[in-house]
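These protein sequence lines are chains Z and C, in that order.
Going by UniProt numbering, the first sequence opens with residue 1, and the numbers climb by one from there.
Going by UniProt numbering, the second sequence opens with residue 1, and the numbers climb by one from there.
All remarks here apply to the structure that follows.
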Amino acid sequence: MTIKLRFAFCLLLLCQISWAQKDSIIGLKEVYVSDKNLNKYSTSQSVLKLNDSIINKNEALLTDLLNFNSTLYFKEYGRGMLSTVSFRGTTSSQTAVIWNGININSQMNGSTDFNTISGSDYNSISIKAGGGSVIYGSGAIGGTVHLNNDLLFFNRFESNLKLDYGSFNTIGINYKTSISNKKWSTQISFSKNSSTNDYKYLNRYTWRGEQRWNQNGQYDIITLNANVGYKINDNHILKLYSQTSNTDRNTSLITETDTKSKYVNGFNRNLLEYDGNFGKLKTNFKTAYIFENYQYFSNINSKNFTYGKTENLITKLDLDYTLFKSTQINGIVDYSRTNGYGTSFGSNVREISSASFLVKQDIGSNWKNELGVRKEFTDNYKSPLLFNFGSSYKFTEWYNLKLNVSRNFRIPTYNDLYWETGGNPDLKPESSYQGEIGNVFKFKNITWTQNFYYIKVKDMLQWVPGAGGLWAPVNQDKVNSYGTETLVNWRKSYGKNTFALNATYAYTISEDEETKNQIFYVPFHKATGAISYSRNKINAYYQILYNGFVYTTADNNSNDIINDYTVSNIGIDYDFKFLESFKLGFQVLNLLNKNYESLENRPMPGRNFNMYLTLKF
Amino acid sequence: MKFSKLLLIALSISLFVSCSNDDDDKTPKGAYDNGFFILNEGSQSLGTISFSSNDLSTFTKDVYKTENGTDAVGGYLQNIFFSGDRAYIIAGGSNVINVVNRYTFKLIAKIDSDLVAPRYGVVKDGKAYVINANTYSYQNPTSGNTDDYIAVINLSTNTVESKVALNSTANRVIEENGKLYITDGYNDKMLIYNIATKTLETPVTIGYDGDSIEEEDGVIFILRKPYQGAGEIVKVKISDKSVSRIALPASIGEAGFLDIEDNKVYYTASNAIYTISPSATTAATSPLFTSAASYVYGFTVKDNRIYIADAKFGADSKAFIYNLSGALQIELTTGAGSNGFYFND
């Protein structure tokens, strides 16, 4: 089989969500992923991988993709606005977003806004449930979201162009070109997503009787990516990943008289990586420079703004040694230096070093164990010793049991430590002990994953009013989260007809240890479903999302809730087969015109439309 | 005089008396008569208003929503003032004043232009005078501290008819004999505006961090509450603008609010309540009582009751109502950020 064929075959395999049984990826040596440890050290946890065919079925911004295809719960301040995540009942800064192996959660507020990321900039997006601080550092408590660019070394010159046009003047342009041979691999892409976003609020009128609509909600997100890999020879590879993005977004109004404000943020990320293979010893050396900044214009008619910037330099050396055929060890040291400055927190430097040690052992082909410890060293806070232990045992061809226990943390952010005035330099990190059991059943065309987890978080960072009304963060509450996740995936072909079904369901209890109340903005229930059908050049799909009600205050008052909602999308595309591929597609989003919101007074759009053209040449 | 005539007079007197008796326990003009509103400032975009009857027998947590459905009252609810049958709810975060019937709480109109971060308001002769903080210096360093203004609102048209530039920061306001007295923590002056002549008079220097402002017998009382410092009550005699001061001991914690009722001055520091006579020259030596509140964010003394708002944000707040000796009468669960009590009778 030629490399190209093999690649095509793998693409086919990945055509649907592959539930990250890493087995399916092994054997594809031509793919160089930057985040090797994602595959290597996640046998005892559940990873959901979304590839381009899934990514392309959703709206461009990551919130929509993850909302419809995973158990992650999102709080959106209106369509396209600030969007924060809750994974397994944890806070938005307890889910780490990992870009090619590097943690990119904001140094300033600790979280990631999922509406500033467009999914099409990546080859795949993986969602790993559960603790991951030993490998990924701060914030990997609920889980991690991995944005991956894979470099492939074979002869090709390929371009992809996707154009979207939809309601509310929503425009998407995504161009990606991949040029590679056996020595070089280059991937350059550009994406732009914008919308005037002036949708009507269903059944809402002002006191004057005028139809209400989403005012000041326009956004424009531009991202440039350039990734280059060079094979010095089969054992030595250099890779450079670079990404620049700018999000220019107004903030939609709650009432027509609110002052119009605007938030501009951007980042620049550069990662240089070297992979060396010296037989039993393999090295991976990474050095990254990450810049992020924001400007907040509290009044769009004024030139005045407040701002914050951080520059973060990370170096990481990962030595991988094969002790025995069955046993590999990794020693990782890293150093990170962040320089942050801004209107609200002056100028501060933070240095963190860490050392970790990981062991992976395969006993036979069915029993796999992994163990890791990590310790951080910094003057900023007292860091706990983190650990991770996992085991996966395949009892039969159709049943695989996974166990994982870990201790994870989330460090205080620049805002927490240095905010003027109120910042508290004496904070401890939030830390968690957690455990999970995963069951994976495989029957013919069905994969069924059933996870159970328990997370105990202490020292939750909370801003509370202190003496004189001054707000300051303190390490306060303890939260216990537990629940279950179901992931089902089925695929079957009858002649030329292919059917696929993916479904997820999460039942989440996340309670304050003292009051026993459910944490607000954590739904008890969330479910998603996607059905697709393809035949020859036609591909049709239907997606559905159910989000259970959430409390909006800590008191769990039944009057203060956001109602549950069910939203669905339907789409169809046809490949005209000009060029390599020429797909024209049409989607109806919020098919049933459901009036819903994920935050109070932040209505989402009713039924709306999108059409797209995807070219491959 | 004939007996019958006498009888008639007696009858009519008794009728008159009984009539006025009827007037005393008047029939309520709506569901929210004879009670008080608790203003809950909420978030930048949405606050709530709670209501309790004076006899504490009925309570509604979110009156505005109950009466006006999905209409948004706005955020950072700062103040309510009344005029005639109407209540005016100032939403500072949303630059709007909601005009409602004070007895039914049904929305009548919104004053929704020419307001920028409105704070407190008073009514005089059919016009409302509402302080607007306008921009703040952290967002607008050049003029944030000098652009505050008074919006003069014609209450028959519900429009801002003029603005008075204050060339200063401004926040709380009271009206006394045709003059507005204005304080704000970010400047050290008490501003004085003469409504009739439409002029600003020479301000009185009182010191920074001035907040609560009250008038009693020709004297204005201002509570200064420096951050992490000792508080002070500043008395300004209206007639000659002379200033005298009562230092509060630093040991009692940060000063909070001041109110005057039945010829007594009440003030809070930390979560304790103190009282002194208006003529006192020194602070109280011991508290009247200490409340259960963890964060006193609103305070009023009225008709032998002391009202304390214990604010929480992202959770329900509490309102504690005490009698004057500190015995708790009731604890109410209110909305996020409770900051004030407004009496409707």
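Note that CB positions come from ideal geometry on N, CA and C, so glycine has one too.
By alpha-carbon positions, which one of the options ends up nearest to residue i?
{"i": "A31 of chain C", "options": "C:G42, C:P118, C:T66, C:G229", "result": "C:T66"}
{"i": "R491 of chain Z", "options": "Z:H525, Z:M460, Z:K516, Z:S532", "result": "Z:S532"}
{"i": "residue 649 of chain Z", "options": "C:R119, C:G93, C:G335", "result": "Outside the displayed span of chain Z (1 to 617) sits residue 649 of chain Z, for which this structure offers no information."}
{"i": "N199 of chain C", "options": "C:D217, C:N167, C:Y76", "result": "At residue 199 of chain C the sequence reads Thr, which differs from the Asn that was named. Of C:D217, C:N167, C:Y76, the residue nearest in Cα terms is C:N167."}
{"i": "V264 of chain Z", "options": "Z:I254, Z:L238, Z:T306, Z:S383", "result": "Z:T306"}
{"i": "N489 of chain Z", "options": "Z:N312, Z:Y482, Z:A503, Z:I509", "result": "Z:A503"}
{"i": "P603 of chain Z", "options": "Z:E436, Z:K57, Z:N563", "result": "Z:N563"}
{"i": "V301 of chain C", "options": "C:I111, C:S325, C:Q228, C:A280", "result": "C:S325"}
{"i": "A284 of chain C", "options": "C:A292, C:N134, C:Y274", "result": "C:Y274"}
{"i": "S156 of chain C", "options": "C:L332, C:V296, C:D125", "result": "C:D125"}
{"i": "W213 of chain Z", "options": "Z:K428, Z:N197, Z:N277", "result": "Z:N197"}
{"i": "K428 of chain Z", "options": "Z:G78, Z:P465, Z:V474, Z:N569", "result": "Z:V474"}
{"i": "F582 of chain Z", "options": "Z:V349, Z:G101, Z:S159", "result": "Z:S159"}
{"i": "S242 of chain C", "options": "C:Y307, C:Y129, C:F221, C:I195", "result": "C:F221"}
{"i": "F549 of chain Z", "options": "Z:F520, Z:D573, Z:F285", "result": "Z:F520"}
{"i": "V464 of chain Z", "options": "Z:N424, Z:S53, Z:N539", "result": "Z:N424"}
{"i": "S338 of chain C", "options": "C:F313, C:F82, C:A247, C:L258", "result": "C:F313"}
{"i": "T310 of chain Z", "options": "Z:N293, Z:R79, Z:W99, Z:K303", "result": "Z:N293"}
{"i": "G585 of chain Z", "options": "Z:I572, Z:N593, Z:F324, Z:E597", "result": "Z:I572"}
{"i": "G279 of chain Z", "options": "Z:S432, Z:L323, Z:A527", "result": "Z:L323"}
{"i": "G110 of chain Z", "options": "Z:H146, Z:T84, Z:W99, Z:G119", "result": "Z:T84"}
If you check the beta carbons only, do residue i and residue j fall under 8 Å apart?
{"i": "I455 of chain Z", "j": "T71 of chain Z", "result": "no"}
{"i": "N105 of chain Z", "j": "T116 of chain Z", "result": "no"}
{"i": "P118 of chain C", "j": "I89 of chain C", "result": "no"}
{"i": "S124 of chain Z", "j": "L50 of chain Z", "result": "yes"}
{"i": "F59 of chain C", "j": "F37 of chain C", "result": "no"}
{"i": "K496 of chain Z", "j": "R535 of chain Z", "result": "yes"}
{"i": "G93 of chain C", "j": "G74 of chain C", "result": "yes"}
{"i": "N250 of chain Z", "j": "I171 of chain Z", "result": "no"}
{"i": "R245 of chain C", "j": "V236 of chain C", "result": "no"}
{"i": "N556 of chain Z", "j": "N517 of chain Z", "result": "yes"}
{"i": "L82 of chain Z", "j": "N595 of chain Z", "result": "no"}
{"i": "D112 of chain C", "j": "N101 of chain C", "result": "no"}
{"i": "Y32 of chain Z", "j": "D150 of chain Z", "result": "yes"}
{"i": "M611 of chain Z", "j": "Y199 of chain Z", "result": "no"}
{"i": "G390 of chain Z", "j": "I135 of chain Z", "result": "no"}
Quick one: what's residue i bridged to in DSSP?
{"i": "G35 of chain C", "result": "C:S53, C:N344"}
{"i": "F297 of chain Z", "result": "Z:K262"}
{"i": "L603 of chain Z", "result": "Leu is not the amino acid found at residue 603 of chain Z; the sequence shown has Pro there. The partner list for P603 of chain Z (beta bridge, DSSP) reads Z:E597."}
{"i": "T206 of chain Z", "result": "According to DSSP, which records beta bridges pairwise, T206 of chain Z is partnered with nothing at all."}
{"i": "S195 of chain Z", "result": "Z:Y219"}
{"i": "Q543 of chain Z", "result": "Z:A530, Z:N569"}
{"i": "E201 of chain C", "result": "C:I192"}
{"i": "I329 of chain Z", "result": "Z:Y321, Z:V359"}
{"i": "K61 of chain C", "result": "None, per the DSSP bridge assignment."}
Write down the C-beta distance between residue i and residue j rounded to the nearest angstrom, noting that I regard them as a contact closer than 8 Å.
{"i": "L39 of chain C", "j": "I49 of chain C", "result": "6 Å"}
{"i": "V160 of chain C", "j": "I153 of chain C", "result": "5 Å"}
{"i": "F609 of chain Z", "j": "Q587 of chain Z", "result": "7 Å"}
{"i": "N408 of chain Z", "j": "Q450 of chain Z", "result": "That belief does not hold up - the Cβ atoms of N408 of chain Z and Q450 of chain Z are roughly 22 Å apart, past 8 Å."}
{"i": "N380 of chain Z", "j": "R350 of chain Z", "result": "5 Å"}
{"i": "N34 of chain C", "j": "D345 of chain C", "result": "5 Å"}
{"i": "T257 of chain Z", "j": "N95 of chain C", "result": "4 Å"}
Using a Cβ cut-off of 8 Å (strictly closer), state whether residue i contacts chain D.
{"i": "L107 of chain C", "result": "Annotation note: the requested chain D is absent from the structure, which comprises protein chains Z and C."}
Let me check you understand the geometry: is the CB of residue i closer than 7 Å to at least one non-hydrogen atom of the ligand NAD?
{"i": "Y507 of chain Z", "result": "This structure does not include the ligand NAD; it has no bound ligands of any sort."}
Residues of the stretch 215-242 of chain C in Cβ contact with chain Z at a cutoff of 8 Å, in chain order, please.
Listed in sequence order: K225, Y227, Q228.
Return the residues of the stretch 171-194 of chain C that lie within a Cβ-Cβ distance of less than 7 Å from chain Z, sorted by chain order.
Those would be none; no residue qualifies.
Beta carbons nearer than 9 Å to chain C: which residues of the UniProt domain "TonB-dependent receptor plug" (42-144) of chain Z have them?
Of all residues in the UniProt domain "TonB-dependent receptor plug" (42-144) of chain Z, none is placed with a Cβ closer than 9 Å to any Cβ belonging to chain C.
Residues of the stretch 309-323 of chain C whose Cβ lies closer than 9 Å to any Cβ of chain Z, in chain order
Taking a C-beta cut-off of 9 Å against chain Z, the contacting residues of the stretch 309-323 of chain C are A311, K312, F313, G314, A315, D316, listed in chain order.
Using a Cβ-Cβ cut-off of less than 8 Å, give me the residues of the stretch 69-94 of chain C that come near chain Z, in sequence order.
Residues T70, D71, A72, G74, G75, A91, G93, S94.
Tell me which residues of the stretch 342-374 of chain Z have at least one Cβ-Cβ distance to chain C shorter than 9 Å, keeping chain order.
Those would be T343, S344, in chain order.
Residues within the stretch 31-48 of chain C neighbouring chain Z, beta-carbon criterion of under 7 Å:
Of all residues in the stretch 31-48 of chain C, S45, L46 have a Cβ within less than 7 Å of some Cβ in chain Z.
Members of the stretch 125-159 of chain C that neighbour chain Z once the beta carbon cut-off is set at 9 Å:
Close to chain Z, meaning a Cβ-Cβ distance shorter than 9 Å, are the following residues of the stretch 125-159 of chain C: T135, Y136, Y138, Q139, N140, P141, T142, G144.
Which residues of the stretch 289-311 of chain C have a Cβ closer than 8 Å to any Cβ of chain Z? Give them in chain order.
Going along the stretch 289-311 of chain C in chain order, one finds Y295, Y297, A311 with a Cβ nearer than 8 Å to chain Z.
When Cβ atoms are compared, which residues of the stretch 244-261 of chain C fall closer than 8 Å to chain Z?
Answer in chain order: G253, E254.
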